[in-house]
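Residues in the sequence shown are numbered consecutively from 11, following the working numbering. See below for the structure under consideration.
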Amino acid sequence: MNSSTIFNENETESNGNNKSTILKIINSFPGIRYRDILRLTNLNNGTLSHHISTLEKRSIIKIGRTENSNITRYFPASTPSDETLILNYLKIKTTKSIILMLLDTDSVSFNEIVNHINKAPSTTSWNLKRLIDSKIVGRKKGKVFSLFFLLNKVLVKKLAGENNKTLLDRSIDNYISIIDEL
Numbered sequence: 011m012n013s014s015t016i017f018n019e020n021e022t023e024s025n026g027n028n029k030s031t032i033l034k035i036i037n038s039f040p041g042i043r044y045r046d047i048l049r050l051t052n053l054n055n056g057t058l059s060h061h062i063s064t065l066e067k068r069s070i071i072k073i074g075r076t077e078n079s080n081i082t083r084y085f086p087a088s089t090p091s092d093e094t095l096i097l098n099y100l101k102i103k104t105t106k107s108i109i110l111m112l113l114d115t116d117s118v119s120f121n122e123i124v125n126h127i128n129k130a131p132s133t134t135s136w137n138l139k140r141l142i143d144s145k146i147v148g149r150k151k152g153k154v155f156s157l158f159f160l161l162n163k164v165l166v167k168k169l170a171g172e173n174n175k176t177l178l179d180r181s182i183d184n185y186i187s188i189i190d191e192l
């Protein structure tokens, strides 16, 4: 993508490198957090904040916030909302563990999830409720217990496969290609 097609000519001269670098990072790491962008770009906090705000106002990127938390992540504007939501939850350790467990099986009981993720029942319940409310996980109520399952297993499998690396792994894999494109 050519930065001059996205930004005005005078912006390209002064800010184009920073904005295009930020945009490449967000495209390479959908769902990246602000601090991670700050580390990768070595920009000052105010400079990064200004560029991110400009990119968002121009609808070049979008900001995703996970419900019931103060976690903000940045995505390319082309990322569909349902993918943004799933990616947000795949970045949280406990919800990711639940999602990956449900990816491997068709349906699982609450106790099986508690044992698998090794968290308190109250923590498991709270995280399952978030996933159910977000329409990522469904629940079949039985006479004795409920079974939980993924509502869109195909999409979750695709996104989990693409985003199963840690930020460090992805940084190492993509850092050279980002720098080469500059």
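Every residue, glycine too, gets a C-beta built ideally from N, C-alpha and C. Here the structure is a predicted model, which means the values were calculated and not measured.
Residue j beta carbon less than 9 angstroms from that of residue i
i, j, result
"Leu97", "Gly56", "no"
"Ile73", "Thr82", "yes"
"Leu113", "Lys167", "yes"
"Ser144", "Leu100", "no"
"Leu165", "Arg149", "no"
"Ile146", "Asn162", "yes"
"Met111", "Ile123", "yes"
"Tyr44", "Ile62", "yes"
"Ile36", "Pro86", "yes"
"Glu66", "Leu169", "no"
Neighbour-count burial assignment, residue i, 16 or more Cβ in a 10 Å radius
i, result
"Lys34", "buried"
"Thr133", "exposed"
"Lys172", "Just to set this straight, residue 172 is Glu in the shown sequence, not Lys. Exposed, because fewer than 16 other Cβ atoms sit within 10 Å of the Cβ of Glu172."
"Arg140", "buried"
"Thr31", "buried"
"Glu23", "Note that Glu23 scores a pLDDT of 38, beneath 50, so its modelled location is shaky; the value from the coordinates is reported in the next line. With fewer than 16 other Cβ atoms within 10 Å, it is exposed."
"Thr15", "Interpretation of Thr15 is limited by its pLDDT of 38, a score under 50 that renders its predicted location unreliable; no figure is taken from the coordinates."
Residue(s) in a DSSP beta bridge with residue i
i, result
"Gly74", "Arg83"
"Ile42", "Tyr84"
Query raised in the report: Which ranges does the beta strand (DSSP E) cover as unbroken runs of at least 3 residues, wholly within the stretch 99 to 172, from first to last along the chain?
Result: 147 to 151, 156 to 160
Query raised in the report: Counting pairs of Cβ atoms below 8 angstroms between the stretch 150 to 165 and the stretch 107 to 124, do you hit three or more?
Result: yes
Report task. Decide yes or no for the touch test of the stretch 54 to 74 against the stretch 105 to 116: beta carbon pairs closer than 8 angstroms, at least 3 of them. Result -> no
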